[in-house]
Each structure stands twice: as structure tokens, then as C-alpha cells.
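Just so you know, we're using the working numbering here: the sequence shown kicks off at 972 and counts up by one. Where is the CB? At the ideal position from N, CA and C, for every residue including glycine. Computed from a prediction, not measured in an experiment: that's the story for all the values here. This report refers to the structure that appears directly beneath it.
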Amino acid sequence: HLFTVITVEAGFVQSALDWRGGYKTLVWSMFEPANGAKYRLGPELEICGYGCADHFYESDTLLHSFQALKTLLESPVTQDIICDVGM
């Protein structure tokens, strides 16, 4: 069986700790099922963004990352596609 895989570049524009912008980028990258994709692979730290420095040690960074992941998984854009999201 053949299927289409989406790989998301690590170089897409994202600012560290930009939760809304990061979420919008994630949602935008999920629209490939219309093209037959069944698996979406994203880079590490795509939710919180690189460059968080000491913010990685703060509990609200983890909290906001999980909130964004929850919102994404509850969204209809994640239906019919396996999503590998970088936390």
C-alpha cells in the first residue's frame, strides 16, 4: 500500500512563545489530506518554537504547549491524517 507523507520544514517562520502564530502555522500545514496525505511529520519544538532559552524551564511553557496540542487535536483539520507534532 502506498500513501502520501507530509514533512514540514524546520525552517518555516515561527517565533518562540508565539502560541497563536505557531498554532496557525500548524493548522495551515494540516490541509494536505485534500491532496491524499495520510501522515504529517513536523519538526521538534514546532509548538513552542526554538529560542525559548530559560522559558523551557517554566511550567507555563509546557502548559501552553499542551493547550495548543489539545486545541489542534480537537480541531477537524486533524481528522483523517496521522499527525506527528513536535513538542
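In the structure shown, the three-state DSSP call for Y994 is helix.
With fewer than 16 other beta carbons inside 10 angstroms of its own, G992 counts as exposed. At a Cβ-Cβ threshold of 8 Å, L997 and E1015 do not count as neighbours.
One thing to note: W990 has its Cβ within 8 Å of the Cβ of H1035.
For D1055, the secondary structure class from DSSP, reduced to helix, strand or coil, is strand.
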